[in-house]
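Please read the structure below before turning to the comments.
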Amino acid sequence: MRYFSLILLSFFLFSCQENTQIEQSENMEETMDDLSIYQLPSEWNTQDGQTIEFKDLKGKPLVVVMIYTACRTACPRLVADMRMIEERVSSKKMKDVQYVMVSIDPINDTPEKLKQFAKDNQMEGPEWLFLQGTEDGVRDFANIMAVKYKQINPIDFSHSNIISVFDRQGVMKYQKEGLGLVNEEIVNKIVAVAKN
Amino acid sequence: MRKLILLMAGFFLISNASAQNNQMALIEGGNYTPLYGVGEQSETAVGDFYLDKLPVTYADFQEFVRNHSKWQKSNVTKLFADSRYLSNWENDLKAPANLMDKPVTMVSWFAAKAYCECQGKRLPTVDEWEYAAMASTSKRDSRSDSLYNVSILRSYEQPKTYMKTVGNSEANYWGVQDMHGMVWEWTQDFNSIILTGESRNNGNTDAGLFCAAGAIGAKDMMNYAAFMRFAMRSSLKANFSLTTLGFRCAKDAGPQNQLTFK
Chain G
1 MRYFSLILLS FFLFSCQENT QIEQSENMEE TMDDLSIYQL PSEWNTQDGQ
51 TIEFKDLKGK PLVVVMIYTA CRTACPRLVA DMRMIEERVS SKKMKDVQYV
101 MVSIDPINDT PEKLKQFAKD NQMEGPEWLF LQGTEDGVRD FANIMAVKYK
151 QINPIDFSHS NIISVFDRQG VMKYQKEGLG LVNEEIVNKI VAVAKN
Chain U
1 MRKLILLMAG FFLISNASAQ NNQMALIEGG NYTPLYGVGE QSETAVGDFY
51 LDKLPVTYAD FQEFVRNHSK WQKSNVTKLF ADSRYLSNWE NDLKAPANLM
101 DKPVTMVSWF AAKAYCECQG KRLPTVDEWE YAAMASTSKR DSRSDSLYNV
151 SILRSYEQPK TYMKTVGNSE ANYWGVQDMH GMVWEWTQDF NSIILTGESR
201 NNGNTDAGLF CAAGAIGAKD MMNYAAFMRF AMRSSLKANF SLTTLGFRCA
251 KDAGPQNQLT FK
């Protein structure tokens, strides 16, 4: 039911409401970079059941990856990569970086499932954010990051393993594709972004 | 609460239902085998849907941007469209006069999607597009017809087909025109085509976007044509605005479909 209303809501948001859209973009113009993901109108549920938009994350550097919780192959490694990155970055005294795991399976990955997943993977601190969107919102977001994904059966998706780094204005600064590629490069990029 | 939502949804459906059905063809669903099947299950079911008979033209798109200023070329959000977006237009409101009846191109996925949503429609999925495109003038599925296949490949060899006028080719079995031999077309889930992790490393010229070398292993001529489309899709990003890439819209064929979520 909650999901249903979300879909309806997104339907309204994306449909032709020319005037409200324009007002919005005018308000944002002074403060928002034209390449910022904060312009995405979609709404997301967090693992704690809150509803947010990307612009609510404004001001924090973001490290974003797309996963789904039923995944047994690549995602555990992506998650491990993210945890290692987080460890290395925070060891350099960069504390306000937000690590965002966006589910590509919004039907199954409810806030409750995401919460459990966070718990199972010891990612319960405030630096970890798990997001459930709508199918439409997820596709838009994946397309911003050029992440490919396809549902291959009711449980599994194949998807590209890409870690994206956004600066405090929500502009993408760096992407790393592939697994097990935690190295100084991505850590240094995040630190550089976080220093600005 | 639930009733209210259903009522609102119903209202939406009714208001959309009247939308230009004469400009859309009903495609009866069925099973088809996509070029890149999913696991062991090779057939995919496609439900009934409506598809625009013609690609969206410059005239259509001009009307759209006149009513939706945020999609005019000087206003568009760069996140949603690269610098080539509508770059051949005279100004925000005016498409090139000689192109009005040609398929609109240099339009990003986000813009194409917004256009369709404003018509109460959506972009077709890859499966829907491929399903409708396998029909010749007389048959629903002409993929085994070698002459049909050769004619598609020939059409891919012609230069500047995006300068053709829409609606002059023969309609296919469903009454749909210009799916082949005019422009590549955006699909809703183009980003579900995963051929290689390297696609993002290709050059960013239009010509650099598809690489036929990957067709090794394609079994027949039809696969080759389909391969070119899949390779092209896999190399796209949603903000790309290319001279050879246009779109048309689709719509679910029964309100009951719009209310069920998988």
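As they're listed, the protein sequences go chains G and U. Residues 1 to 196 (full-length UniProt numbering) make up the first sequence, in order. Residues 1 to 262 (full-length UniProt numbering) make up the second sequence, in order. Just so you know, even glycine gets a beta-carbon here, dropped at the ideal spot from N, CA and C.
Element boundaries [alpha helix (DSSP H), containing M94 of chain G]: On the first sequence, position 94 is the one that residue 94 of chain G refers to. Unbroken run through M94 of chain G: none, as it is neither H nor E.
Contact list for the region 228-250 of chain U against chain G, Cβ threshold 7 Å: Under the 7 Å Cβ criterion, the region 228-250 of chain U contributes K237, A238.
CB contact below 9 Å: S192 of chain U versus chain C: Any reference to chain C falls outside this structure, whose protein chains are G and U.
is_contact[V147 of chain G, chain U] using C-beta, thresh 9 Å: By 1-based counting over the first sequence, the position of residue 147 of chain G is 147. Contacts with chain U at 9 Å (Cβ-Cβ) include V147 of chain G.
Beta-bridge pairing of T44 of chain U - partner residues as DSSP gives them: Translated into positions along the second sequence, residue 44 of chain U becomes position 44. T44 of chain U pairs with U:Y32.
Short CB-CB distance (under 9 Å) between D189 of chain U and chain G: As a position in the second sequence, residue 189 of chain U is number 189, starting the count at 1. It does; some Cβ of chain G falls within 9 Å.
For E112 of chain G and V100 of chain G, the rounded distance between their alpha carbons: On the first sequence, residue 100 of chain G is found 100 positions in, with the first residue counted as 1. On the first sequence, residue 112 of chain G is found 112 positions in, with the first residue counted as 1. Using only the alpha carbons, I get a separation of about 16 Å.
Proximal chain U residues relative to R139 of chain G, where beta-carbon distance stays under 8 Å: Counted from its first residue, the first sequence places residue 139 of chain G at position 139. Under the 8 Å cutoff, chain U gives Q188, D189, N191.
A118 of chain G to L78 of chain G span [Cα, whole Å]: The residue labelled residue 118 of chain G in the question sits at position 118 within the first sequence. The residue labelled residue 78 of chain G in the question sits at position 78 within the first sequence. Distance between the alpha carbons of A118 of chain G and L78 of chain G: 13 Å.
Chain-ordered residues of the region 153-184 of chain U with a beta carbon less than 8 Å from chain G: For the region 153-184 of chain U, there are no residues whose beta carbon sits under 8 Å from a beta carbon of chain G.
Whether S227 of chain U touches W186 of chain U by CB criterion (9 Å): The count along the second sequence starts at 1 and reaches residue 227 of chain U at position 227. The count along the second sequence starts at 1 and reaches residue 186 of chain U at position 186. The question names Ser, yet the displayed sequence has Phe at residue 227 of chain U. Taking 9 Å as the Cβ cut-off, F227 of chain U and W186 of chain U do not qualify as a contacting pair.
Distance CB(K53 of chain U)-CB(Q177 of chain U) smaller than 9 Å: As a first step, residue 53 of chain U must be located in the second sequence, where it is residue number 53. As a first step, residue 177 of chain U must be located in the second sequence, where it is residue number 177. Between K53 of chain U and Q177 of chain U, the C-beta spacing is below 9 Å.
Residue environment, V104 of chain U, which counts as buried when at least 16 other CB atoms sit within 10 Å: Here residue 104 of chain U corresponds to residue number 104 of the second sequence, with the count starting at 1. V104 of chain U is buried by the Cβ-count criterion.
Span of the alpha helix (DSSP H), counted from its first residue to its last, around E112 of chain G: For this step, residue 112 of chain G is matched to residue 112 along the first sequence. Per DSSP, E112 of chain G belongs to the alpha helix (DSSP H) from 111-120.
DSSP bridge partner residues for P103 of chain U (one or two, in chain order): Counted from its first residue, the second sequence places residue 103 of chain U at position 103. Answer is U:T57, bridged to P103 of chain U.
Limits of the unbroken alpha helix (DSSP H) element including F141 of chain G: Translated into positions along the first sequence, residue 141 of chain G becomes position 141. Note, F141 of chain G: alpha helix (DSSP H), 135-144.
Per-residue burial, L129 of chain G [other beta carbons within 10 Å of its own, 16 or more giving buried]: Sequence index remark: in the first sequence, residue 129 of chain G carries index 129 (1-based). Counting every other CB atom within 10 Å of its CB across the protein chains shown gives L129 of chain G a total of 16 or more, marking it as buried.
M100 of chain U versus W109 of chain U: straight-line alpha-carbon distance, rounded: Taking the first residue of the second sequence as 1, we reach residue 100 of chain U at position 100. Taking the first residue of the second sequence as 1, we reach residue 109 of chain U at position 109. Between M100 of chain U and W109 of chain U, the C-alpha separation is close to 20 Å.
Sequence-distant residues of the same chain with beta carbon closer than 7 Å to H180 of chain U, five excluded per side: Here residue 180 of chain U refers to the residue found at position 180 when the second sequence is read from its first residue. Only A133, I152, S155 meet the Cβ criterion.
Proximal residues, the region 90-120 of chain U versus chain G, C-beta separation under 7 Å: Result list: W109, E117, C118.
Contact the region 59-69 of chain G vs the region 91-107 of chain G: 3+ CB pairs below 8 Å: Yes, the region 59-69 of chain G is in contact with the region 91-107 of chain G.
Candidates G:K150, G:S164, G:A194, of which the one nearest I194 of chain U by Cα: Counting from one through the second sequence, the residue named residue 194 of chain U turns up at place 194. By alpha-carbon distance to I194 of chain U, the top candidate from G:K150, G:S164, G:A194 is G:K150.
Interface residues of chain U facing Q116 of chain G [CB-CB closer than 7 Å]: Counting from one through the first sequence, the residue named residue 116 of chain G turns up at place 116. Per Cβ cutoff of 7 Å: no residues; Q116 of chain G is ~22 Å from chain U at best.
Short Cβ contact (9 Å threshold) for W184 of chain U with I27 of chain U: Position 184 of the second sequence holds residue 184 of chain U. Position 27 of the second sequence holds residue 27 of chain U. Going by C-beta atoms, W184 of chain U is not nearer than 9 Å to I27 of chain U.
8 Å contact criterion, which I152 of chain G and S160 of chain G should meet: CB distance rounded: Reading the first sequence from its first residue, position 152 is the one you call residue 152 of chain G. Reading the first sequence from its first residue, position 160 is the one you call residue 160 of chain G. In fact, because the Cβ distance is near 14 Å, the residues do not count as touching under 8 Å.
Length at least 4, wholly inside the region 44-105 of chain G: the alpha helix (DSSP H) runs in chain order: Those alpha helix (DSSP H) runs which fall completely within the region 44-105 of chain G and span 4+ residues are 74-91.
Neighbour-count burial assignment, L51 of chain U, 16 or more Cβ in a 10 Å radius: Working through the second sequence from its first residue, we reach residue 51 of chain U at position 51. Here L51 of chain U is buried. Its C-beta has 16 or more other C-beta atoms within 10 Å.
Whole-Å CB distance - K121 of chain U paired with C249 of chain U, under 8 Å assumed: By 1-based counting over the second sequence, the position of residue 121 of chain U is 121. By 1-based counting over the second sequence, the position of residue 249 of chain U is 249. At roughly 4 Å, the Cβ-Cβ gap stays under 8 Å, so K121 of chain U and C249 of chain U are in contact.
Partner residues on chain G for L86 of chain U, Cβ-Cβ distance less than 9 Å: Residue 86 of chain U sits at position 86 when you count from the first residue of the second sequence. Result: empty, since nearest Cβ-Cβ is about 16 Å, beyond 9 Å.
Supposed contact pair W71 of chain U and A114 of chain U - C-beta distance, whole angstroms, cut 8 Å: Translated into positions along the second sequence, residue 114 of chain U becomes position 114. Translated into positions along the second sequence, residue 71 of chain U becomes position 71. About 6 Å; that satisfies the 8 Å criterion.
Contact list for N143 of chain G against chain U, beta-carbon separation under 9 Å: As a first step, residue 143 of chain G must be located in the first sequence, where it is residue number 143. Those are W109, F110, F190, N191, K237, A238, N239, listed as they occur along chain U.
Local conformation of F247 of chain U per DSSP, three classes: On the second sequence, residue 247 of chain U is found 247 positions in, with the first residue counted as 1. Per DSSP, reduced to three states, the secondary structure at F247 of chain U is coil, with no helix or strand assignment.
T243 of chain U beta carbon less than 9 Å from that of Y162 of chain U: In the second sequence, residue 162 of chain U corresponds to position 162, counting from 1. In the second sequence, residue 243 of chain U corresponds to position 243, counting from 1. A contact, by the Cβ cut-off of 9 Å.
Bridge-paired residues (DSSP) for H68 of chain U: In the second sequence, residue 68 of chain U corresponds to position 68, counting from 1. Per DSSP, none; premise fails for H68 of chain U.
F80 of chain U beta carbon less than 9 Å from that of A225 of chain U: As a first step, residue 225 of chain U is located in the second sequence; it is residue number 225 there, counting from the start. As a first step, residue 80 of chain U is located in the second sequence; it is residue number 80 there, counting from the start. The answer is no: Cβ separation not under 9 Å.
Cα-Cα separation, T73 of chain G to D109 of chain G: As a first step, residue 73 of chain G is located in the first sequence; it is residue number 73 there, counting from the start. As a first step, residue 109 of chain G is located in the first sequence; it is residue number 109 there, counting from the start. Distance between T73 of chain G and D109 of chain G, taken at the CA atoms: about 17 Å.
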